[in-house]
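K.L.:
Residue numbers (the working numbering), protein chains in the order written: chain A, 118 to 304; chain B, 24 to 307.
Where is the CB? At the ideal position from N, CA and C, for every residue including glycine.
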């Protein structure tokens, strides 16, 4: 097994554990410390990061896997988790393929707008797929957006750090590599 | 003219020297009366003494006040600290009292029921606002199974939908996927409570002729032997009487606020427990 493969497996394992930690933070830490105040969707920020930074094919399958993990922390049906996550990925890719920026602010804006898009997509998909669609929860989702914006900055730094540690060809400049293996095909 | 060859200057000087003590001795003998020439001197000395005495008093007073102020500040800080400590202790005491009362209530409930109950702690909430679930710190290892009822002393909470080895996920009454067999306590009209994922739910299939008002208690139906019969479930908040519909739309709010739950009971066996007092009387 080559070094790059080992690093890739390690990266997938670490990102999976981080995703578990983010979900646990949101479900078992935040509500017991700050009550019913909406928690930042750390898992969603992570999904945006993966969709933005990772090669597309790898990102798609890994995000599907994360969707499966999500259902362990919620009653969300798998169909809802996967369709809404795919919608979010498509949203991120629209910007990924048009705007090339590595700035922190760009990521924050993308994470926040991604959260907004995810909320809308979720409501619409819920009306389409579920017999008893979800309510809008306007204020709750609005506060979540605010929290996501604030938390996206440290989360980006943290994820970027991990991402770089397990990169076989770590980037030293401001730009990051998106395709690490030749077998992965960009759409 | 100076036959005796006396030096008058010296003589006068000597005389004066001798006289002054004599005068002073004489003055000492008449203490009650101050001599005329001493009076202005005394006046001035009194004035100066009074002035400096006043000044001294002022300085001493100011110094004392300053020192007192320092002490007061110190005392104040000490007392503030003591007060804060006492307040903290009082708060802890109050918390302990509340906790004791709550635990006593739970213990009494557990003792006085026929049901087989397992206490559990809430360790998590749902990841998304679109669903209303909680996670318990007990799982299959502790005997928990799918579709077991979860209750508190005040009322029903939900049922287990996904038991894991060490934890269990509970669907609350308010989740939009949940459906509960329910009865209006007053009229015994049966219906189904469906969650809305908001704060409450809707009691459906209640005949429009039923007398339902805001404030009526909704209890568990007990048909499935999952929940004990007649256990509080929700309170009616609003009743909609649509002209075209054969049944009422009754909006309800759960008696147990899901956001505030810390400890619950999992009903391992409902043992046909009936909380309707009149049913028991009728049966007897």
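Assess, as a yes-or-no matter, whether the stretch 190 to 197 of chain B is touched by the stretch 233 to 246 of chain B under the definition of 3 or more beta carbon pairs within less than 8 Å.
P.N.:
Result no; under three Cβ-Cβ pairs closer than 8 Å.
K.L.:
For residue 34 of chain B and residue 59 of chain B, what's the separation of their Cα atoms in angstroms?
P.N.:
Numbered from 1 along the second chain, position 11 holds the residue referred to as residue 34 of chain B. Numbered from 1 along the second chain, position 36 holds the residue referred to as residue 59 of chain B. Near 27 Å, if we compare the C-alpha coordinates of residue 59 of chain B and residue 34 of chain B.
K.L.:
Taking the alpha carbon of residue 263 of chain A as the reference point, which residue from A/163, A/232, A/137 has its own alpha carbon closest?
P.N.:
Here residue 263 of chain A is taken as the residue at index 146 of the first chain, counted from 1. For residue 263 of chain A, the nearest C-alpha among the options comes from A/232.
K.L.:
So what does DSSP say about residue 237 of chain B, is it helix, strand or coil?
P.N.:
Sequence index remark: in the second chain, residue 237 of chain B carries index 214 (1-based). Looking at residue 237 of chain B - three-state DSSP - the assignment turns out to be coil, as it is neither helix nor strand.
K.L.:
Just to confirm my understanding: we take residue 149 of chain B, look at its own chain, exclude 5 residues before and 5 after, and list those with CB closer than 7 Å. What are they?
P.N.:
Residue mapping note: residue 149 of chain B aligns to position 126 of the second chain, counting from 1. Hits under 7 Å: 155, 156.
K.L.:
Would you report the Cα separation of residue 132 of chain B and residue 287 of chain B, rounded to the nearest angstrom?
P.N.:
Here residue 132 of chain B refers to the residue found at position 109 when the second chain is read from its first residue. Here residue 287 of chain B refers to the residue found at position 264 when the second chain is read from its first residue. Taking the straight line joining both Cα atoms gives about 12 Å.
K.L.:
Does the Cβ-Cβ distance between residue 203 of chain B and residue 254 of chain B come in under 7 Å?
P.N.:
The residue labelled residue 203 of chain B in the question sits at position 180 within the second chain. The residue labelled residue 254 of chain B in the question sits at position 231 within the second chain. No; because the gap between Cβ atoms is not below 7 Å, this pair is not in contact.
K.L.:
Flag this pair as touching only if the stretch 253 to 272 of chain A and the stretch 144 to 163 of chain A have three or more C-beta atom pairs under 8 Å; answer yes or no.
P.N.:
Yes: at least three Cβ pairs fall under 8 Å.
K.L.:
If we count the other Cβ atoms within 10 Å of its Cβ and call it buried at 16 or more, is residue 17 of chain B buried or exposed?
P.N.:
The structure shown does not extend to residue 17 of chain B, since chain B is modelled only from 24 through 307, so no value can be given for it.
K.L.:
List, in order along the chain, the chain A residues whose C-beta lies closer than 9 Å to that of residue 220 of chain B?
P.N.:
Taking the second chain and counting its residues from 1, one reaches residue 220 of chain B at position 197. Under the 9 Å cutoff, chain A gives 249, 251, 252, 254.
K.L.:
Which residues bound the alpha helix (DSSP H) around residue 297 of chain B?
P.N.:
Looking up residue 297 of chain B in the second chain gives position 274. No alpha helix (DSSP H) contains residue 297 of chain B, which DSSP labels as neither H nor E.
K.L.:
Around the C-beta of residue 199 of chain B, are 16 or more other C-beta atoms found within 10 angstroms, so that it is buried, or is it exposed?
P.N.:
The residue given as residue 199 of chain B occupies position 176 in the second chain. So residue 199 of chain B counts as buried.
K.L.:
On the CB-based measure, 16 or more other CB atoms within 10 Å of its CB, does residue 128 of chain A come out buried or exposed?
P.N.:
The count along the first chain starts at 1 and reaches residue 128 of chain A at position 11. Classification of residue 128 of chain A: buried, given that the 10 Å Cβ count is 16 or more.
K.L.:
Between residue 229 of chain B and residue 270 of chain B, which are expected to be in contact by the criterion C-beta below 8 Å, what is the C-beta distance as a whole number of angstroms?
P.N.:
Here residue 229 of chain B is taken as the residue at index 206 of the second chain, counted from 1. Here residue 270 of chain B is taken as the residue at index 247 of the second chain, counted from 1. 6 Å between Cβ atoms; contact.
K.L.:
Whole angstroms is fine: what's the gap from residue 240 of chain A's alpha carbon to residue 250 of chain A's?
P.N.:
What you label residue 240 of chain A is simply residue 123 of the first chain in a count that begins at 1. What you label residue 250 of chain A is simply residue 133 of the first chain in a count that begins at 1. Those two C-alpha atoms are separated by around 7 Å.
K.L.:
Reducing DSSP to helix, strand and coil, say where residue 257 of chain B ends up.
P.N.:
In the second chain, residue 257 of chain B corresponds to position 234, counting from 1. Here residue 257 of chain B sits in strand by DSSP.
K.L.:
What would DSSP say about residue 186 of chain B, mapped onto helix, strand or coil?
P.N.:
On the second chain, position 163 is the one that residue 186 of chain B refers to. Reduced to three states, the DSSP call for residue 186 of chain B is strand.
K.L.:
List in chain order: all unbroken alpha helix (DSSP H) runs of 4+ residues lying wholly within the stretch 166 to 230 of chain B.
P.N.:
Those alpha helix (DSSP H) runs which fall completely within the stretch 166 to 230 of chain B and span 4+ residues do not exist here.
K.L.:
By the criterion of Cβ-Cβ separation under 9 Å, what are the contact partners of residue 198 of chain B in chain A?
P.N.:
Here residue 198 of chain B is taken as the residue at index 175 of the second chain, counted from 1. Under the 9 Å cutoff, chain A gives 192.
K.L.:
For residue 306 of chain B, count neighbouring C-beta atoms within 10 Å of its own C-beta (all shown protein chains included) and say buried if the count is 16 or more, exposed if not.
P.N.:
As a first step, residue 306 of chain B must be located in the second chain, where it is residue number 283. Since pLDDT at residue 306 of chain B reaches only 39, below the 50 mark, its modelled position is unreliable, and no value is offered.
K.L.:
Sorted by chain position, which residues of the same chain lie with C-beta nearer than 7 Å to residue 170 of chain B's C-beta, five sequence neighbours on each side aside?
P.N.:
Here residue 170 of chain B refers to the residue found at position 147 when the second chain is read from its first residue. Excluding sequence neighbours, residue 170 of chain B sits near 182, 183, 249.
K.L.:
Under a three-way DSSP split, which group does residue 292 of chain B fall into?
P.N.:
To locate residue 292 of chain B, count along the second chain from 1; it is residue 269. Reduced to three states, the DSSP call for residue 292 of chain B is strand.
K.L.:
Please classify residue 161 of chain B as buried or exposed, where buried requires at least 16 other C-beta atoms within 10 Å of its C-beta.
P.N.:
Residue numbering aside, residue 161 of chain B sits at position 138 when the second chain is read from its first letter. The residue in question, residue 161 of chain B, is buried, as its Cβ has 16 or more Cβ neighbours within 10 Å.
K.L.:
For residue 308 of chain A, I'd like the list of residues in its chain whose CB is within less than 6 Å of its CB, leaving aside the five on either flank, ordered along the chain.
P.N.:
With chain A covering 118 to 304 only, the question about residue 308 of chain A has no answer from this structure.
K.L.:
So that I know if they touch, is there some Cβ in chain A lying closer than 7 Å to that of residue 272 of chain B?
P.N.:
As a first step, residue 272 of chain B is located in the second chain; it is residue number 249 there, counting from the start. Judged by the 7 Å Cβ criterion, residue 272 of chain B is not in contact with chain A.
K.L.:
Between the stretch 115 to 124 of chain B and the stretch 209 to 218 of chain A, are three or more C-beta pairs nearer than 8 Å?
P.N.:
Touching, no, given that fewer than three Cβ pairs across the two stretches are closer than 8 Å.
K.L.:
Quick check: what's the CA-CA separation for residue 228 of chain A versus residue 140 of chain A?
P.N.:
Position 111 of the first chain, counted from the start, is the residue given in the question as residue 228 of chain A. Position 23 of the first chain, counted from the start, is the residue given in the question as residue 140 of chain A. Rounded to the nearest angstrom, the two C-alpha atoms are 17 Å apart.
K.L.:
Going by alpha carbons, who is nearest to residue 237 of chain A out of A/255, A/248, A/247, A/194?
P.N.:
Counted from its first residue, the first chain places residue 237 of chain A at position 120. Of A/255, A/248, A/247, A/194, the residue nearest in Cα terms is A/255.
K.L.:
Which residues in the same chain have their Cβ closer than 7 Å to the Cβ of residue 314 of chain A, if we skip the five residues on either side of it in sequence?
P.N.:
Given a span of 118 to 304 for chain A in the structure shown, any question on residue 314 of chain A remains unanswerable.
K.L.:
Using DSSP with H/G/I as helix, E/B as strand and the rest coil, what is residue 118 of chain A?
P.N.:
Looking up residue 118 of chain A in the first chain gives position 1. In the structure shown, residue 118 of chain A sits in coil (DSSP, three-state: anything other than H, G, I, E or B).
K.L.:
Give a yes or no on whether 7 Å exceeds the smallest Cβ distance from residue 277 of chain B to chain A.
P.N.:
The count along the second chain starts at 1 and reaches residue 277 of chain B at position 254. With 7 Å as the cut-off, residue 277 of chain B does not count as an interface residue toward chain A.
K.L.:
Cα separation between residue 191 of chain A and residue 146 of chain A?
P.N.:
For the purposes of this step, residue 191 of chain A is taken as residue 74 along the first chain, with counting starting at 1. For the purposes of this step, residue 146 of chain A is taken as residue 29 along the first chain, with counting starting at 1. Answer to the nearest angstrom: the Cα atoms are 15 Å apart.
K.L.:
Do residue 273 of chain B and residue 226 of chain B have their beta-carbon atoms positioned less than 7 Å apart in this structure?
P.N.:
One-based indexing of the second chain puts residue 226 of chain B at position 203. One-based indexing of the second chain puts residue 273 of chain B at position 250. Taking 7 Å as the Cβ cut-off, residue 226 of chain B and residue 273 of chain B qualify as a contacting pair.
K.L.:
Check each residue of the stretch 221 to 233 of chain A: if its Cβ is closer than 7 Å to any Cβ of chain B, include it; give the result in chain order.
P.N.:
Here the close residues number zero.
K.L.:
Would you say residue 157 of chain A lies against chain B (beta-carbon separation less than 7 Å)?
P.N.:
The sequence position of residue 157 of chain A within the first chain is 40, counting from 1. So no, residue 157 of chain A is outside the interface.
K.L.:
Starting from residue 158 of chain B, trace the beta strand (DSSP E) in both directions and tell me its first and last residue.
P.N.:
Within the second chain, residue 158 of chain B is the residue found at index 135, counting from 1. Unbroken beta strand (DSSP E) run through residue 158 of chain B: 156 to 159.
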